[in-house]
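Numbering (the working numbering), first residue to last: 27 to 358.
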């Protein structure tokens, strides 16, 4: 059984997308019992648009200038009254049955966290290539074992009584750390691929670089995925060495490895019927490398931050500082 439902979201300068976000909520087949929105200090009219919104349910708007995403979510959670908390981001458009599908998962009392999905809105070759580079299809998560974005998520409020909150010491990757803390505490995740929100990918190389630089910096700050990042560095160092040596066999092997590296994005392009012409594939390859370079620049910046704040011991346990006293227990 499920009880009352609260939908929470954070906003910051979302004037271009706020109307579509609100319309997506209005068109839900099942509405939440309340909506709690925290604005982090918008200066572009976002707050005015929210205040003018005739929402379909009770709406609470909280102005918190300077609040990070994590801080904003924690404020919203503290003000929400629902037994089920549904989380999404600004800039998304919820498909009509999004909340309905998420809440249906809680009819099973074993479900603690309902994990929705998110898909890109593609209107150009750029959109298709970047989406294929960065966003897996739901079918790629056959076992449902992935760390969900808080674009599309719901969880039982009972877990908050254990001290679980979004980590306010992180500016990015806060949702990944929140997921890890839930798993560490024993929460049962249920993947609900039908619960979908849509969003737009970054529109330029500069915006994409900034996004992935910040993601990797967040990984470094939280001590996340060190092996994954080490493999990336080793791969590109190996690539440079092979090119410098100029041996044909090594270049051939590296070329084949590069094709294998592009296999997943190309398959996504085909599944999404986004086109597999040479220009789209070439742009996909370029974006793949561009994102990798952004990560390789951002990750050591995050590591340096972590060492300054947590010391050498922070490497292994940095992300767990979300709730240092959390025990392995399950709420009743």
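Using N, Cα and C, we set each Cβ at its ideal position, and we do this for glycine too.
Measuring CB to CB, does residue i end up less than 8 Å from residue j?
i           : j           : result
residue 121 : residue 222 : yes
residue 233 : residue 145 : no
residue 38  : residue 71  : no
residue 173 : residue 142 : no
residue 322 : residue 259 : yes
residue 272 : residue 332 : no
residue 110 : residue 85  : no
residue 56  : residue 125 : yes
residue 114 : residue 216 : no
What residue range does the beta strand (DSSP E) around residue i cover?
i           : result
residue 297 : No beta strand (DSSP E) contains residue 297, which is instead part of the alpha helix (DSSP H) from 289-297.
residue 173 : Careful: residue 173 lies outside any beta strand (DSSP E) and carries neither H nor E.
residue 72  : Residue 72 -> not in any beta strand (DSSP E); alpha helix (DSSP H) instead, spanning 72-78.
residue 182 : 179-182
residue 41  : Neither: residue 41 is in no beta strand (DSSP E) and is coded neither H nor E.
Among the candidates the options, whose CA atom is the shortest distance from the CA of residue i?
i           : options            : result
residue 245 : 279, 273, 329      : 329
residue 64  : 46, 100, 58, 269   : 100
residue 189 : 179, 29, 208       : 208
residue 238 : 164, 310, 317      : 317
residue 134 : 200, 195, 182      : 182
residue 61  : 92, 74, 102, 198   : 102
residue 287 : 210, 277, 311      : 311
residue 140 : 307, 149, 292, 205 : 205
Please state whether DSSP places residue i in a helix, a strand or coil.
i           : result
residue 65  : strand
residue 336 : helix
residue 229 : coil
residue 219 : strand
residue 251 : coil
residue 113 : strand
residue 323 : helix
residue 261 : helix
residue 35  : strand
residue 274 : helix
residue 86  : strand
residue 330 : helix
residue 311 : helix
Start and end of the alpha helix (DSSP H) containing residue i?
i           : result
residue 202 : 200-211
residue 156 : 151-160
residue 128 : 124-130
residue 50  : 44-52
residue 142 : Premise fails: residue 142 lies in the beta strand (DSSP E), 139-146, not in any alpha helix (DSSP H).
Can you tell me whether residue i is buried or exposed, with buried defined as 16 or more other CB within 10 angstroms of its CB?
i           : result
residue 313 : buried
residue 31  : buried
residue 42  : exposed
residue 283 : exposed
residue 303 : exposed
residue 227 : buried
residue 211 : buried
residue 166 : exposed
residue 33  : buried
residue 98  : buried
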